[in-house]
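Presented below is the structure to which this report refers.
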Amino acid sequence: MKKPLLEVKNLKINFKTYAGLVQAVRGVDFTLYEGETLAIVGESGSGKSVTSNAIMKLIPQPPGIYADGHILFEGKDLIPLSDKEMSKIRGNEIAMIFQDPMTALNPTIRVGKQIMEVILKHKKVSKHEAQERAIELLRQVGIPMPEKRFNQFPHEFSGGMRQRVVIAIALAADPKLLIADEPTTALDVTIQAQILELLKELQKKRKTSIIFITHDLGVVANVADRVAVMYAGQIVEYGTVNDIFYNPKHPYTWGLLGSMPDLNNKSDEKLYAIPGSPPDLTNPPIGDAFAPRNKYALAIDFEKEPPMFKVSDTHYAKTWLLHEYAPKIDVPEPIVRRMERYKKEAELGE
Amino acid sequence: MLKYIIKRIIHILIALFIIITATFFLMKAAPGNPFASERNFPPEIEANLKAKYGLDNPWYIQYKDYLFNTLTFDFGESMKYKNRSTNDIIADGFPVSLSLGLEAMFLAVGIGVLLGIIAALYHNKFIDYFATTIAVLGISIPSFVMAGLMQYFISLKLGLFPVAGWNGFKYSVLPALAIALTHAGYIAKLVRSSMLEENNSEYVKLARAKGLGKWTITFKHTLRNALMPVITYLGPLTAGVVTGSFVIEQIFAIPGLGRHFVQSITNRDYTVIMGTTVFYAIILMFAVLLVDILYTFIDPRIKLKGGAKK
Amino acid sequence: MTKQHETTNNLTPEMFTVVGPRLEESDKMTKKSVSFWKEVFLRFKQNKLAVSGVIILFIIALFAALVPELSQYSYRDQLGIYNQAPSKDHWFGTDDLGRDVFVRVWYGARISLFIGITAAIIDLIIGVLWGSISGLIGGRVDDIMMRFVDILSAIPYLLVVIILLVVMEQGLLPMIIALSITGWVNMARIVRGEVLSIKNREFVLASRTLGASTSHLIKRHIIPNALGAILVTMTLTIPTAIFTESFLSFLGLGVTQPVASWGTMASEGMGGLRVAPWRLFFPAFFISLTIFAFNAIGDGLRDALDPKLRK
Chain A
54 MKKPLLEVKN LKINFKTYAG LVQAVRGVDF TLYEGETLAI VGESGSGKSV TSNAIMKLIP
114 QPPGIYADGH ILFEGKDLIP LSDKEMSKIR GNEIAMIFQD PMTALNPTIR VGKQIMEVIL
174 KHKKVSKHEA QERAIELLRQ VGIPMPEKRF NQFPHEFSGG MRQRVVIAIA LAADPKLLIA
234 DEPTTALDVT IQAQILELLK ELQKKRKTSI IFITHDLGVV ANVADRVAVM YAGQIVEYGT
294 VNDIFYNPKH PYTWGLLGSM PDLNNKSDEK LYAIPGSPPD LTNPPIGDAF APRNKYALAI
354 DFEKEPPMFK VSDTHYAKTW LLHEYAPKID VPEPIVRRME RYKKEAELGE
Chain V
5 MLKYIIKRII HILIALFIII TATFFLMKAA PGNPFASERN FPPEIEANLK AKYGLDNPWY
65 IQYKDYLFNT LTFDFGESMK YKNRSTNDII ADGFPVSLSL GLEAMFLAVG IGVLLGIIAA
125 LYHNKFIDYF ATTIAVLGIS IPSFVMAGLM QYFISLKLGL FPVAGWNGFK YSVLPALAIA
185 LTHAGYIAKL VRSSMLEENN SEYVKLARAK GLGKWTITFK HTLRNALMPV ITYLGPLTAG
245 VVTGSFVIEQ IFAIPGLGRH FVQSITNRDY TVIMGTTVFY AIILMFAVLL VDILYTFIDP
305 RIKLKGGAKK
Chain F
4 MTKQHETTNN LTPEMFTVVG PRLEESDKMT KKSVSFWKEV FLRFKQNKLA VSGVIILFII
64 ALFAALVPEL SQYSYRDQLG IYNQAPSKDH WFGTDDLGRD VFVRVWYGAR ISLFIGITAA
124 IIDLIIGVLW GSISGLIGGR VDDIMMRFVD ILSAIPYLLV VIILLVVMEQ GLLPMIIALS
184 ITGWVNMARI VRGEVLSIKN REFVLASRTL GASTSHLIKR HIIPNALGAI LVTMTLTIPT
244 AIFTESFLSF LGLGVTQPVA SWGTMASEGM GGLRVAPWRL FFPAFFISLT IFAFNAIGDG
304 LRDALDPKLR K
């Protein structure tokens, strides 16, 4: 059994706002191993971004509060660490890619310098050496004429190029863990594919672990080894990509899968949209947070919060439907049909 | 860029024209002015005025002459002080006011920026509240009140600085401070909120994600962007320092142009009022133009986009 | 991370019947959409400085209204006790003409506040009209109107005011006129900016496609949205007016005796600084306090209205 690189245990994060105390993350657990990609999927407001920012302790406190839990990176709990101690880890062992490359890069500083900064901070090399490495990084992320581009400003790059620069910055100090917070959401579809390819390629070469935050299940299928589905501040289902796509157990996951637009769908199946909206986290509901929107909600869903049920060694889901007393409800038809379709496409594609 | 400067200069010239014209007609309307038909001046002055302003001419001739004089920077002679031309008065007073004004501007920017940075870096801690309170006090207490308080507590009670007069550097400290503090307050608030805003921006988050320390981020990243608004404030600052001088020079008995201006107002010395007003207007408007040009040089985004302004 | 399949005894099979979604509850649970102004109010309330500003202004207004009525002295009574320090009979002392400073301060409050607020209201009216007409009509009219504003704002404000006062003879009315004659340009610019941005927003276009008339648009969309910026600007114009008025009084251009604003009182007080410093301190204190209060409120309003800060 490999040793885990990152273990998040019962993470709870609150925010103090003028409207009250928002419980953004309400007890999240997951583990990440070396060299693998974990995708965290959910709607906006599910807590996925807060979770990813929390790992690097980038949540501003105030108004954020680390209410409970542990974040164990290589066995060491990050939560009690001071900002100064964290700064040795950020960029160096754990790095982050943001959603919007336009705002992530400082518009008044040349791109090359922004990469060098990371190298100089964490590695004992000369300025000249750092410059060489930076240019090499630009080349590795696929930017043509890196020597020339090195001296340019961010607004002289296109969107996709800028994101490559952001990736270069993230990888500059050779981190063990890369957190990618919706890195392709702000990009065109064609560029998206390129960036995803780039990330996979770099991961294979460097053995970096990646946490990939997204709301797009299609992207997940492409890059992830394992998936965590988040809703209302909690992980509701957790497993390998195959587990989630071919054997989903939580009604919310069904909803997500059903609402994926499918270009190859020739039948006149309607696009399924989950009705209602996510709950207000200043007043989290008592039972299962998804119950009010759940077609298959059980009476107990409105009374008690379900525990995490084990489906297999790799697969867990937080729903009362897995209790022995619960009626046997299978994955809805349209979704089964989709999964069959995907299976067939995957086989054909191999 | 050049087009922009030219456009601004045209605006300034039009504005100046309006001021000069307005001044003329307003002066004509005021009681006891040199253009009025009933005049009560001592004979030499009467003679001078007549000769200078052609006081019995119809108004449009007076206006034409006045315009012409103004364009050649001939502001005539004082109506109250024999043999003192307006230009002399300006030449005497302006250097004094200039040095006082520059000192005040320097203090305002220096104190303001420092306070603002400190407040932002220790956001929500005691130092922040303390610095913000000082800034607010500066803004709320008018300069002349501040001057009075300073004279009372610092000069009379503590004897640290002279109460009034103009005879060396020590004499300039309190007046310059009195002028500067209100503006230091505005600048401090500007810098503080600008820095706090920058601190919440994505690229600062990325900088933190890189592992850079608080001070590195401040000096290498946020400061440059946060200080831009200060430059836009330099225009109003210049105006504020000029107007501040009117009152402060009075209180501290400093022989600057401001004091002469105020005295000419009290004396209804219209020629001096007119001349000094035009002089001030020119200075202020060009100062603002200079600041705007400066701003376009400092922000690389504007420069590289070809100087297109909103 | 595994939580074992819970084997609790208080779970019964009936609890596991399918009951389906409760969408009304879902809608209720999503954040109660507080109305726009209520949210602004909540955020304003959070700002302690701003709230203190409101309280201070309220108290000052109260005193300004009541003290001159209830006091045994009037603001112009000369009582024969000159330059006396604050005492039981005269809480703020007396001045060089034997007048009670306390009642004069509160009488002066009326004058200063009146000047400040009236000037701000005039600025408001002219500015809003100018700005909204210019913004709504657009095109050449807009160009010309804003060109005029540009030139007017290039002229140094205080110079204009001073010249006007010199010409007009001092007094309450001239002071108000002088203060508002070029002060409105700021409001005009801001209102025009708001009008332009609202004009082009989707919901206005949507409203238009539904056939809404222009006046309906103005009433229902433009004014409510621009109201915020207008309020903030007004709240920040008043202290500027009060400050300018004090400043001008200092230069001898203020209202005439025996009527006194805080500015004229402070100006007189300077003369007696060594002998009777309270004559300067009290009006000066209240000028500063009032300016502070308005600024705090204006800043608080601005922050409360800032769309970026909404969760």
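Chains as they are written, first to last, in this note's numbering: chain A, 54 to 403; chain V, 5 to 314; chain F, 4 to 314. We put the beta carbon where it would ideally sit given N, CA and C, even for glycine.
Just reading off the alpha helix (DSSP H) that residue i is part of, what are its end residues?
i	result
V:TYR207	206 to 213
A:THR84	A:THR84 -> not in any alpha helix (DSSP H); beta strand (DSSP E) instead, spanning 73 to 86.
V:LEU181	174 to 203
A:TYR305	304 to 311
F:GLY142	142 to 157
A:THR104	101 to 108
Would you say residue i lies against chain F (beta-carbon separation less than 8 angstroms)?
i	result
A:TYR349	yes
V:GLY120	no
V:ALA66	In the sequence as displayed, the identity of residue 66 of chain V is Gln instead of Ala. No, V:GLN66 does not count as interfacial toward chain F.
A:PRO387	no
A:GLY405	Coverage of chain A is limited to positions 54 through 403, which leaves residue 405 of chain A absent and any answer about it impossible.
V:VAL276	no
Exposed or buried, residue i, counting other C-beta atoms within 10 Å across all chains shown (16 or more means buried)?
i	result
A:GLU403	With a pLDDT of only 42 at A:GLU403, under 50, the local geometry of the prediction cannot be trusted, and no value is derived from it.
A:TYR349	buried
F:SER270	buried
V:THR226	buried
A:HIS208	exposed
F:GLY141	exposed
Between which two residues does the beta strand (DSSP E) carrying residue i extend?
i	result
V:ILE115	No beta strand (DSSP E) contains V:ILE115, which is instead part of the alpha helix (DSSP H) from 90 to 125.
A:ASN67	57 to 70
A:TYR291	287 to 293
A:ASP227	A:ASP227 -> no beta strand (DSSP E), and no H or E assigned at all.
Can you check whether the CB of residue j is closer than 8 angstroms to the CB of residue i?
i	j	result
F:THR185	F:TYR160	yes
V:ALA188	V:ILE115	yes
F:GLY138	F:LEU60	no
V:MET232	V:ILE302	yes
A:ALA92	A:LEU64	no
V:ILE183	V:SER144	no
A:LYS257	A:GLU146	no
A:LEU231	A:ILE263	yes
V:SER101	V:SER268	no
Compute the Euclidean distance between the alpha carbons of residue i and residue j, then round it to the nearest angstrom.
i	j	result
A:THR238	V:ILE122	37 angstroms
F:GLY130	F:ASN189	7 angstroms
A:HIS268	A:SER102	10 angstroms
V:LYS307	V:ILE297	Bear in mind that a pLDDT of 47 at V:LYS307, under 50, signals an unreliable position, so the number given afterwards is only what the model happens to contain. Rounded to whole angstroms, V:LYS307 to V:ILE297 spans 11 angstroms at the Cα level.
A:VAL164	A:ARG215	9 angstroms
A:GLN287	A:VAL81	6 angstroms
F:GLU172	F:LEU283	25 angstroms
A:ILE244	V:ILE221	31 angstroms
V:LEU293	F:SER156	13 angstroms
V:TYR64	F:ILE124	37 angstroms
A:VAL242	A:LEU252	15 angstroms
A:ASN347	A:TYR305	7 angstroms
V:ARG228	V:ASN91	42 angstroms
Is the Cβ of residue i closer than 8 angstroms to any Cβ of chain A?
i	result
V:ASN128	yes
V:ARG212	yes
V:GLU206	yes
F:GLN49	yes
F:PHE19	yes
F:VAL163	no
F:ARG46	yes
Within the 8 angstroms Cβ cut-off, does residue i reach chain V?
i	result
A:VAL171	yes
A:THR161	yes
A:ARG390	no
A:GLY144	yes
Can residue i be considered in contact with the ligand MG, in the sense that its beta carbon sits closer than 7 angstroms to one or more heavy atoms?
i	result
F:ALA191	With respect to the ligand MG, the structure offers nothing, as it holds no ligand at all.
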